[in-house]
Amino acid sequence: MKLGVLFSGGKDSAFACHKAMEKEEVACLISVLPSNPDSYLFHTPNISLTTLQAEAAGLPLVAVGSEGVEEAEVADLSRAISRGVEEHGIEGVVTGAIHSVYQATRIQRVCHSLDLWCFNPLWQRDEEEYLDEVVSSGFRFLISGISAAPFGEAWLGKEVDPGTLDTLKAMARRHRMNPAGEGGEYETFVLDAPFFRKRIDVLRASGEYHEHHGTYRIEDARLVAK
Amino acid sequence: MILVVDLSYRPGSLSLDEFVAPVERIVQKEGHPTRIRHYTNLSRQDIASADGAILCGTAMKDFGYLEGMEKFAWLLSFPCPVLGICAGMQVLVRAYGGDVHRKTGIGMAEQQVVAPDPLLAGREGFPAYELHCLSVVPPPSFMILATSVSGAQIIRQKDRPVYGVMFHPEVRNEWLIRRFLSLCRPRKGQSDELM
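Top line first, the protein sequences correspond to chains A and B.
For the first sequence, the numbering used here begins at 3 and goes up steadily by one.
For the second sequence, the numbering used here begins at 950 and goes up steadily by one.
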């Protein structure tokens, strides 16, 4: 079955892509690029770099712009998926939803209206076990956005290795926060994945931070051999 | 042992992680050993050694299980509790002589309990996650226990603990699966070693 992966460039959509590739053919990545940084449905920091990540993975990218307005985002998503059907013959989509009924419901409705399959291979995972599997599977990712009280500025741009992951999990338990950050507590950017043919090297980046909210903006990056 | 049956489009499919693994984790967390089997690969030993069976849901476009109803004949003589979730409920209904029809439900929906049952004790209504494009017409041997705007949501065979649930209890309603498991008792004189 030819599938398109809804791809934000963060760990969840990248890991969902990895899982889908184990069972089916991933024909393209699909990204919705919201101009509104507070998008309800889509991941925003460094979203334009999905082009570089798709190149690293050797997969075509379908990218569609969105104003990031709450329910209009669903129409933008439908438009993006329809392009995946037209340009790459996809029969279904894959998402990185874990516990978000809000996200899953909207994507399921779009797929149903377009008569497409919808797969959520991370659905209902225990977040801590899931994070362990992401890191132990060879994914490399950094924190590209923060939006919750426990996070200080030092987290921006920090790469999540096994040590950082232990700190993150402990912090999530202490503050009763979702350790996977699915509620937008933090965002990630994937530098390398098992299905990447090349890895991403960040050359220049800058951080913006104010009272536990911040963004790590990658201004220049390149692909390098693995 | 609780038999967790995968109804998806092929053994080991991408749906396994989404519809079967979450149910298996809840069952294991309750201390029950589990055995996952695809409905096309069930052996007599799998069935004979199970203390209960859960038939899991599938992706919305996946209806292949309804074309292989002969694979579910074992349900009619299975002596232990059964919980059919979504596609599993449709299979139960078809196996016992009821029918399915087009009716879609996607997302959280309020459930109304309409008949008392130990599975639902203390619950009059609750929200649940629906993901289906077929609904059921239960056979006469079943009663409707709960409904939502998209039709019968929980049914039960009148004289046995054979339940069908159209919504997905593994999402935000794990209590229902835990209560079902409390109805599953080890079968006398049965164990894997004796089979």
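Where a beta carbon is used, it is the ideal one built from N, C-alpha and C, also for glycine.
{"Check": "Burial state of VAL28/A (16 or more Cβ within 10 Å)", "Outcome": "buried"}
{"Check": "Three-state secondary structure (DSSP) of GLN126/A", "Outcome": "coil"}
{"Check": "Cutoff 8 Å: GLU1016/B Cβ touching any chain A Cβ", "Outcome": "no"}
{"Check": "Beta-carbon proximity of ILE1093/B to ALA1064/B, cut-off 8 Å", "Outcome": "yes"}
{"Check": "Local Cβ density within 10 Å of ASP966/B, reported as buried at 16 or more and exposed below that", "Outcome": "buried"}
{"Check": "Boundaries (first-last residue) of the alpha helix (DSSP H) holding ILE49/A", "Outcome": "Unbroken run through ILE49/A: none, as it is neither H nor E."}
{"Check": "Nearest residue (CA-CA) to ARG1128/B, options VAL976/B, TYR958/B and MET1038/B", "Outcome": "VAL976/B"}
{"Check": "GLY67/A - partner residues in DSSP beta bridges", "Outcome": "LEU35/A"}
{"Check": "Contact set for SER1099/B: own chain, Cβ-Cβ below 8 Å, skip 5 residues either direction", "Outcome": "LYS1052, THR1053, GLY1054, ALA1058, GLU1079, HIS1081, SER1084 and MET1115"}
{"Check": "Between the CA atoms of GLU93/A and LYS1010/B - distance to the nearest angstrom", "Outcome": "10 Å"}
{"Check": "Through-space distance from GLY91/A to GLU1016/B, alpha-carbon basis", "Outcome": "26 Å"}
{"Check": "Partners in chain B for GLU26/A, counting only beta-carbon separations shorter than 9 Å", "Outcome": "SER962 and LEU963"}
{"Check": "Sequence-distant residues of its chain with Cβ nearer than 6 Å to ASN1122/B (five each side left out)", "Outcome": "ALA1077"}
{"Check": "Cutoff 8 Å; reference GLU973/B; Cβ partners in own chain excluding five residues on either side", "Outcome": "VAL953, THR983 and ILE985"}
{"Check": "Residue range of the unbroken alpha helix (DSSP H) whose run includes TRP1124/B", "Outcome": "1123 to 1131"}
{"Check": "Residue span of the beta strand (DSSP E) that contains LEU1083/B, given as start and end", "Outcome": "1074 to 1086"}
{"Check": "Contact set for ILE1104/B: own chain, Cβ-Cβ below 6 Å, skip 5 residues either direction", "Outcome": "PRO1087, PHE1091, ILE1093 and GLY1113"}
{"Check": "Beta carbon proximity, HIS114/A to chain B, threshold 8 Å", "Outcome": "yes"}
{"Check": "ASP203/A burial status per 10 Å Cβ neighbour count (16 or more: buried)", "Outcome": "exposed"}
{"Check": "Three-way DSSP call (helix, strand, coil) for LEU61/A in this model", "Outcome": "coil"}
{"Check": "CYS1035/B (DSSP reduced to helix, strand or coil)", "Outcome": "coil"}
{"Check": "Members of the stretch 981 to 994 of chain B that neighbour chain A once the beta carbon cut-off is set at 8 Å", "Outcome": "none"}
{"Check": "Integer Cβ distance of GLY98/A from SER15/A, believed to fall under 8 Å", "Outcome": "4 Å"}
{"Check": "Near-chain A residues of the stretch 1109 to 1127 of chain B (beta-carbon distance less than 7 Å), N- to C-terminal order", "Outcome": "GLU1119 and VAL1120"}
{"Check": "Three-state secondary structure assigned by DSSP to GLU1119/B", "Outcome": "coil"}
{"Check": "Start and end residues, alpha helix (DSSP H) containing ARG974/B", "Outcome": "970 to 978"}
{"Check": "Buried/exposed call for SER1140/B, threshold 16 Cβ in 10 Å", "Outcome": "In this prediction, SER1140/B has a pLDDT of 48, which is less than 50 and means its spatial position is unreliable; what the coordinates show is noted afterwards. Exposed, by the Cβ-count rule."}
{"Check": "DSSP three-state assignment for PHE1091/B, whether helix, strand or coil", "Outcome": "strand"}
{"Check": "For HIS215/A, the residue or residues it bridges with in DSSP", "Outcome": "SER149/A and HIS212/A"}
{"Check": "Selection from LYS1020/B, SER998/B, LEU1132/B and LEU963/B that minimises the alpha carbon distance to ASN122/A", "Outcome": "LEU963/B"}
{"Check": "contact_flag[the stretch 1022 to 1040 of chain B, the stretch 984 to 1003 of chain B] where n(CB pairs < 8 Å) is 3 or more", "Outcome": "yes"}
{"Check": "Residues that TRP119/A bridges to, as DSSP identifies them", "Outcome": "GLY94/A"}
{"Check": "For GLY1056/B: DSSP bridge partner residues", "Outcome": "GLU1079/B"}
{"Check": "Alpha-carbon spacing of LEU133/A relative to LEU144/A, whole angstroms", "Outcome": "13 Å"}
{"Check": "Cβ of LYS1010/B within 8 Å of any chain E Cβ", "Outcome": "No chain E appears in this structure, whose protein chains are A and B."}
{"Check": "Entirely enclosed alpha helix (DSSP H) segments - the stretch 994 to 1048 of chain B, minimum 4 residues", "Outcome": "1036 to 1044"}
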